[in-house]
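Add 5 to the 1-based position in the sequence shown for my numbering, that's all there is to it.
Virtual Cβ for every residue (Gly too), placed ideally from N, Cα, C.
Just so it is clear, the structure is predicted and the values come from calculations on it, not from any experiment.
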Amino acid sequence: MGRRIWPLLLALLLAGCAAPEEPCRRELEAMDTYMVLTVYGPRAGEAAGQGEALLRELEARLSVTEEDSEIYRANHSGGEPVPLSEDTARLLAQALALCESTEGALDVTIYPVVRSWGFTTGAFRVPEEAELARLLERVDYTRVRLEGDSLTLPEGVELDLGAVAKGWAGDRLTELFRSLGITSAIVELGGNVQAMGTRPDGEPWRVAVQAPEGGYAAALEVADKAVVTSGGYQRYFQQDGKTYCHIIDPAAGRPAESGLASVTVVADRGVRADGLSTALFVMGRERAEAYWREHGDFELIFLGEDGGAAVTEGLEDCFTLYGEWEDRPLEIVRR
C-alpha cells in the first residue's frame, strides 16, 4: 500500500500568488515520480524542453533497474572498476561526503536492504532478522572506491542514489536555466521543490509543506532555495496492523522509527537538502538538531508523529502554519 505525493508548490494555490507573466509549464513522469517544470522568460519554452531532456538523461544514467544505466553496470561489475560520466561521478562524490558527514545515517549502499522490503518492486514484505543481518553485511558506504571518474564496488555492494538524485536534478536544472538566461523558475520533483530566483514580480515563491494526514500543514516563502521533505507517510505498507515506511535506518536495516512524521530541509543546494532530509529523518529530532547546530548551512522543519511542529530560527519570519495546522503551537528551535 502506498500513497502518491503530489506537488508541494503553493504558488498558484494560495491567494495573492498570481504571476504577472504567463509561464511555460511542463509536466512529466521521471525518476518514479510526478514532476512539473514552471519557467518564466523569453526562452521559457526552450528551457523547459531542455530541462525535460536533462531529466530523462539523468534518469537513464542513475536508474538501479535499467541495464544500460551507469549505476546498474556498477552494481553488476563483479568488483571490477567501472567508468562513470563526469556528472555521475560528481553526484556520487557529494553523496559519499554526505554519508560521511551524517555518520552513515545516509548510506548509498542500502539498496539490497531496501529491495528486500519490496520498496523497489512493490512486492512488500517484512524480511526475517537473519536475512537482514546477511544483507547488512553488504551495506557500508566506506567500501565504495571512487577515483576520479572510476568507480569500484566490492562484490555484493550495490549503490542506490535515489536519496540524492532528485536534489541533484534540481541543481542541474537550475544550472541549465541560468545558462539560458532564465532568472525565474520553480521545479517540483515529487517531494522536492527547487525555487530559482524569485517570482517574476520580485516576490518570494510560496511553497507548502504537506501534512502527514493529507493536505497542507504550512507555507514557506523562499527565493533561490531547495525545499525537500522526507516523510514516513510518502511510501509505506501495512502488515499485521503495523505500518512500515520506505525510509530505512542503515544501522538496523528496518524502517526508521524516529518519532517524526516528516523532516523538511531548506538549503542552497538541492542535493544537500535531499540527502539531509533522509539522514535527519533517520536520526530523529534530537540528533537532527545537533547536526544543524554543528553545520548551520541549512534550515529545518519538523512535523512530529504527536502532531507538533517546529522550525529552526532561520525560518521564523517566513514560515506559517496553514489549514488544520494553523492553530497548533509552533516551536522555534534556536542555536
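In terms of CA proximity to Leu320, Ala272 leads the group Glu57, Ala272 and Asp332.
Distance between Ala53 and Ala102, taken at the CA atoms: about 31 Å. Considered as a whole, the region 278-340 harbours 303-309, 314-317, 324-326 and 335-338 as its complete beta strand (DSSP E) runs of no fewer than 3 residues, in chain order. Between Arg61 and Ala98, the CB-CB gap reaches or exceeds 8 Å. In the structure shown, Ala102 falls within a helical segment according to DSSP collapsed to helix, strand and coil. According to DSSP, Ile191 shares a beta bridge with Thr43 and Ala200. Residue pairing by DSSP places Pro217 in no beta bridge whatsoever. Distance check between Asp154 and each of Glu91, Leu111, Glu208 and Val214 places Glu91 closest, using alpha-carbon atoms only. A Cβ-Cβ distance of about 6 Å is found for the pair Thr283 and Leu111, placing them in contact under the 8 Å criterion. Taking 8 Å as the cut-off, the beta carbon of Lys171 is found closer than this to the beta carbon of Asn197. Boundaries around Val271 are those of the beta strand (DSSP E), Leu265 to Ala272, since no alpha helix (DSSP H) includes it. Assignment of Gly275 by DSSP, reduced to helix, strand and coil, places it in the helix class. Residue environment: His251 is assigned as buried (16 or more neighbouring CB atoms within 10 Å of its CB, all protein chains considered). Only residues of its own chain outside the window of five on either side were considered, and among them Arg120 have a CB closer than 8 Å to the CB of Thr126, listed in chain order. Here the region 195-212 makes contact with the region 220-235; the two share three or more CB pairs at distances below 8 Å. Look at Phe242 here: in three-state DSSP terms it is strand.
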